[in-house]
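Structure record follows, encoded as structure tokens.
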Amino acid sequence: MRNGTWRALCTIRRIAIFPRWGLTVRTRVLMWLGLLLASMTIQPAMAQDVTAPAGSAPLAAAQAAASGPVRGTEGYRLGAGDKVKIAIYNEDMLSGQYEISGAGMMSLPLIGEVPVAGRSVPEVITYLTKTLKDGGYMLNPSVSMEVLNYRPFYVLGEIKDPGKYAYVSDMNVLNAVALAGGYTYRAKKDKVLIIRASDPEKKEQVAKPGDQVMPGDIIRIPERFF
């Protein structure tokens, strides 16, 4: 018997013998089927040791620096493009990393599509906890969640390198302009405009150099006419 199948069967035994995890009978049955299906698709190559290519350490360090909780995002409302990590205590198969779709949805095992755009992290945790319990999937779920990668912000208009940029900690309007290469000679430097991702009306407003930039914000540098 393949090692993958043996591990899957052992896991099934543990799920069946130890109901202390809090899963209901219906949920355990669904997980058994998923484990059996996964064991039949395991490839032998997955069992081989993989050696990281030379030079991968700096790349990993850069990726780690660009992820994780970011200062200044208290009360942040989730949106399309955000990547989050969800952990459900003692339920590894239901935990994982998820990216919010363009429709503002997140697809989770068992639950399916979850509307998360416009909600804060605590609000999503409350929603998931209630859904898992009321839906009969778990008896007493314990859910935690964090944002791994924030959606980008945009700098457009009379700027040397317009486009989208990865959000970093403590970003303000002046930093964003510098990151985008600075103003063009046609830029109206004294009137930088911004559309806040958190503004449901998406209205442009005048921004000061020290104003904080949040994920999803759009900064526009207008053209001067003289």
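For the sequence shown, the positions run 1 to 226 when the UniProt record's numbering is used.
For glycine and all other residues, C-beta sits at the position ideal for the given N, C-alpha and C.
Bridge partners - residue i, DSSP secondary structure assignment
i: Pro115; result: Met105
i: Arg220; result: Leu156 and Leu193
i: Tyr137; result: None, per the DSSP bridge assignment.
i: Ile86; result: Gly96 and Met145
i: Gly163; result: Val155
i: Val206; result: Leu193
As assigned by DSSP and simplified to three states, the class of residue i
i: Ile125; result: helix
i: Leu179; result: helix
i: Met145; result: strand
i: Val173; result: helix
Through-space distance from residue j to residue i, alpha-carbon basis
i: Glu99; j: Glu223; result: 36 Å
i: Ala176; j: Val213; result: 8 Å
i: Gly181; j: Asp161; result: 6 Å
i: Val168; j: Lys191; result: 24 Å
i: Ile194; j: Gly136; result: 45 Å
i: Phe226; j: Gly118; result: 41 Å
i: Asn90; j: Leu174; result: 45 Å
i: Lys203; j: Gly75; result: 21 Å
i: Glu123; j: Pro215; result: 18 Å
i: Ile221; j: Ala197; result: 17 Å
i: Leu179; j: Gly96; result: 32 Å
i: Glu158; j: Asp211; result: 19 Å
i: Tyr150; j: Val206; result: 24 Å
i: Tyr185; j: Lys208; result: 20 Å
i: Ile218; j: Pro152; result: 9 Å
i: Ser142; j: Lys133; result: 10 Å
i: Ala187; j: Asp92; result: 52 Å
i: Tyr183; j: Val116; result: 36 Å
i: Asp170; j: Ser101; result: 26 Å
i: Ala166; j: Lys189; result: 23 Å
Among the options, the one whose alpha carbon lies nearest that of residue i
i: Ile88; options: Gly163, Phe153, Asn140 and Tyr183; result: Asn140
i: Lys164; options: Asp170, Asn172, Met171 and Val155; result: Val155
i: Glu113; options: Ser120, Ala103 and Val121; result: Ala103
i: Ser120; options: Arg77, Val206, Glu158 and Ile219; result: Arg77
i: Leu94; options: Met138, Val116 and Gly79; result: Met138
i: Gly79; options: Ile159, Val206 and Pro200; result: Pro200
Distance cut-off 8 Å: residue i Cβ against heavy atoms of the ligand FMN
i: Ile221; result: Absence of the ligand FMN is noted for the structure shown, with no ligands found whatsoever.
Count the C-beta pairs between the region 139–149 and the region 81–92 that are closer than 8 Å, then say yes if the count reaches three, no if not. yes
When you compare the region 124–141 with the region 108–116, are there three or more beta-carbon pairs, one atom per stretch, that lie closer than 8 Å? yes
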